[in-house]
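Under the working numbering, the sequence shown has 206 at position 205, and the numbering climbs by one with no breaks.
Even for Gly, the Cβ is constructed at its ideal location relative to N, Cα and C.
Here's the structure we're looking at; comments come further down.
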Amino acid sequence: MTCSIRNDKNKKYSDYHAEMKKKNLYIQTFGCQMNVYDSERIACLLEERNFQLIDEPSGADLIIINTCSVREKPEQKVYSAIGRFQRLKRENPKLILGVGGCVAQQQGEGLLDRFPYLDFVLGTKELPRLTKILDDLEDSGARSSATALEGRVDPYASLPFRAPRSKVSSFVTIMQGCDNYCTYCIVPFVRGREVSRASHDILSEIRLLASSGVKEVTLLGQNVNSYGQGHPGELSFPGLLEAIQEIPGIARIRFTTSHPKDLSSDLVRAFGRLSKLCEHIHLPLQSGSDTILERMNRGYSREEYTRKVEALRQRCPDIAITADLIVGFPGETERDFAATLDMIHRIQFDDFFSFKYSDRPHTRARLLGDKVSEETSRRRLEELQFLQKKITRERNKRWEDREVEVLVEGPSKSNSEESTGRTRTHHVVNFPGRNHAKGSLVKIRITKVYAHSLRGEALDKGGLCDD
Ligand code: SAM
Ligand code: SF4
């Protein structure tokens with residue numbers, strides 16, 4: 002329990018009382034933005050149960066590890082983290098330790114067997130059951146695992162939402178799960194079937210965010226293009242973007258991820274038409290070889306992908322295009338890999354995330370023979386990243402001497418005399434002056450480009466605040 006009473010004349014006794022009873026919650030989040038969003042929702046839920054979020058695990062009354070199992074490496078990191086928290090449990094036997102997210106869903110009760118000091122396991126669709134799990138623990142000390150996944154149920158619908166304080170940018174999950182079953186991917190097995198959240202819930206959440214000062218929202222889903230499908234009368238994804246465009250206070254809209262096979266011409270037309278929609282799209286390619294794309298069950302060919310990129314660039318010439326790529330998928334030959342390099346040359350991505358293929362439980366690719374050796378995968382990954390680094394630097398040159406709009410995120414981490422922010426195309430820009438108000442939109446002239454960021458100088462004093 003925290004107990005810090007300060008001599009504050011404006012505080013009522015009941016405030017002190019409430020403060021005295023607050024318990025400390027620490028959440029360690031692994032993996033994607035969706036997990037970040039889930040952790041925020043968990044914190045909101047537990048705030049109503051008198052928990053306050055802390056930044057360090059020491060002193061916590063409750064620790065929740067929110068996990069990722071998309072590749073083997075992040076999954077292993079989770080087990081190490083659970084092991085590390087055992088020491089804190091020894092020091093404070095009252096500490097409650099729980100695991101949530103994709104590893105919780107994947108392993109279920111097995112985690113309780115493997116880690117006897119673990120108190121609960123919370124599956125990806127079971128967030129609303131968290132308070133009951135904590136009550137049961139308090140009443141009877143019963144350890145439990147809740148991992149139901151069936152049904153197209155929105156787990157957020159019954160959760161409380163409170164807008165964060167002093168945030169410029171926020172994630173908003175608009176759909177859960179995935180129906181695509183790419184052969185390498187565990188997501189449909191740990192996040193369940195695709196389900197869209199009701200648009201009125203999403204819109205009221207974004208209105209609340211706007212009223213708390215959030216300027217930019219990033220809409221999250223495994224495949225946002227299919228938002229609303231299977232929900233008669235619901236908005237389409239471009240329709241949802243249009244509705245968000247109307248929310249006062251929101252200056253920028255982003256989204257991720259967009260599956261290339263479902264990228265509609267309506268969505269392409271939204272770029273340039275909706276003034277708040279930022280000129281950036283994350284369009285995972287995964288492989289440049291048609292043979293591998295087919296074995297991955299991706300549902301598009303390299304030609305079809307190329308045509309979608311052309312349509313986007315025709316509509317919006319400056320659009321930034323990023324992607325995900327996997328090397329070493331089972332059966333990937335040197336020729337397949339050369340086709341991926343060729344696509345990287347052809348598309349000229351602004352950047353991408355790249356991964357070595359990792360065998361995952363339940364997936365079809367796991368059963369494929371002809372596995373690529375670790376050494377070959379590593380070499381291919383290095384080659385691909387080396388090539389992209391050159392292309393990124395080259396592409397960044399198009400911003401030199403140009404004016405861009407930057408959303409100020411705050412002082413730069415590496416130089417406190419400078420501010421940092423992002424362009425609409427999601428490029429990081431550092432620029433002199435630390436007095437630019439967080440959340441303001443500043444015009445910057447780009448003076449220098451690097452592989453991972455841009456430098457510039459402010460052209461207006463808009464948004465300056467007193468020191
Ligand atoms: N829904 C998104 C899409 O369709 O591309 C991606 C979601 S997944 C959580 C993020 C990325 O992880 C994928 O795009 C893929 O590149 C990578 N990934 C997924 N499973 C993988 C595996 N078994 N091995 C290596 N990378 C994997
Ligand atoms: Fe995984 Fe494919 Fe669904 Fe993306 S679209 S989450 S890669 S199954």
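Can you tell me whether residue i is helix, strand or coil according to DSSP?
i: residue 27; result: strand
i: residue 148; result: coil
i: residue 154; result: coil
i: residue 450; result: strand
i: residue 53; result: strand
i: residue 531; result: The structure shown does not extend to residue 531, since the chain spans only 2 to 468, so no value can be given for it.
i: residue 357; result: strand
i: residue 191; result: helix
i: residue 104; result: helix
i: residue 169; result: coil
i: residue 160; result: coil
i: residue 389; result: helix
Can you check DSSP and say which residues form a bridge with residue i?
i: residue 283; result: 323
i: residue 412; result: 420
i: residue 352; result: 323
i: residue 221; result: 174 and 257
i: residue 444; result: 406
i: residue 372; result: In the DSSP output, where bridge partners are listed per residue, residue 372 has none listed.
i: residue 126; result: DSSP, once it has assigned bridges, lists no residue as partnering residue 126.
i: residue 197; result: 176
i: residue 264; result: Per DSSP, none; premise fails for residue 264.
i: residue 278; result: 254
i: residue 328; result: 357
Is residue i buried or exposed, if buried means 16 or more other CB atoms sit within 10 Å of its CB?
i: residue 315; result: exposed
i: residue 36; result: buried
i: residue 351; result: buried
i: residue 92; result: exposed
i: residue 416; result: exposed
i: residue 458; result: exposed
i: residue 212; result: exposed
i: residue 391; result: exposed
i: residue 473; result: Outside the shown range of the chain (2 to 468) lies residue 473, about which nothing can therefore be said.
i: residue 451; result: exposed
i: residue 30; result: buried
i: residue 394; result: exposed
i: residue 247; result: exposed
Starting from residue i, trace the beta strand (DSSP E) in both directions and tell me its first and last residue.
i: residue 431; result: 429-433
i: residue 65; result: 63-68
i: residue 459; result: 455-459
Name the two residues that bound the continuous alpha helix (DSSP H) containing residue i.
i: residue 97; result: Element bounds for residue 97: not the alpha helix (DSSP H) but the beta strand (DSSP E), 97-101.
i: residue 121; result: That residue, residue 121, is in no alpha helix (DSSP H); its beta strand (DSSP E) goes 121-123.
i: residue 76; result: 73-92
i: residue 318; result: Premise fails: residue 318 is in no alpha helix (DSSP H) and is neither H nor E.
i: residue 239; result: 238-246
i: residue 44; result: 34-48
i: residue 111; result: 111-115
i: residue 426; result: First-last for residue 426: undefined, no H or E at that position.
i: residue 292; result: 291-296
i: residue 133; result: 131-141
In whole angstroms, give me the CA-to-CA distance for residue i and residue j.
i: residue 197; j: residue 156; result: 10 Å
i: residue 468; j: residue 436; result: Model confidence at residue 468 stands at a pLDDT of 46, short of 50, so the residue's coordinates are unreliable and nothing is read from them.
i: residue 169; j: residue 141; result: 42 Å
i: residue 455; j: residue 363; result: 42 Å
i: residue 59; j: residue 80; result: 19 Å
i: residue 69; j: residue 356; result: 15 Å
i: residue 400; j: residue 310; result: 20 Å
i: residue 49; j: residue 345; result: 49 Å
i: residue 23; j: residue 52; result: 5 Å
i: residue 324; j: residue 282; result: 8 Å
i: residue 105; j: residue 96; result: 19 Å
i: residue 1; j: residue 94; result: Here the chain has residues from 2 to 468 only, and residue 1 is not among them.
i: residue 288; j: residue 139; result: 50 Å
i: residue 66; j: residue 171; result: 21 Å
i: residue 73; j: residue 181; result: 21 Å
i: residue 208; j: residue 214; result: 10 Å
i: residue 460; j: residue 174; result: 35 Å
i: residue 321; j: residue 47; result: 38 Å
i: residue 28; j: residue 54; result: 8 Å
i: residue 190; j: residue 75; result: 17 Å
i: residue 133; j: residue 220; result: 29 Å
i: residue 296; j: residue 150; result: 27 Å
i: residue 192; j: residue 448; result: 44 Å
i: residue 121; j: residue 165; result: 27 Å
i: residue 116; j: residue 98; result: 10 Å
i: residue 123; j: residue 103; result: 9 Å
i: residue 6; j: residue 25; result: The predicted model places residue 6 with a pLDDT of 29, which falls under 50 and marks its position as unreliable; any figure quoted below should be read in that light. If you take the alpha carbons of residue 6 and residue 25, they lie about 16 Å apart.
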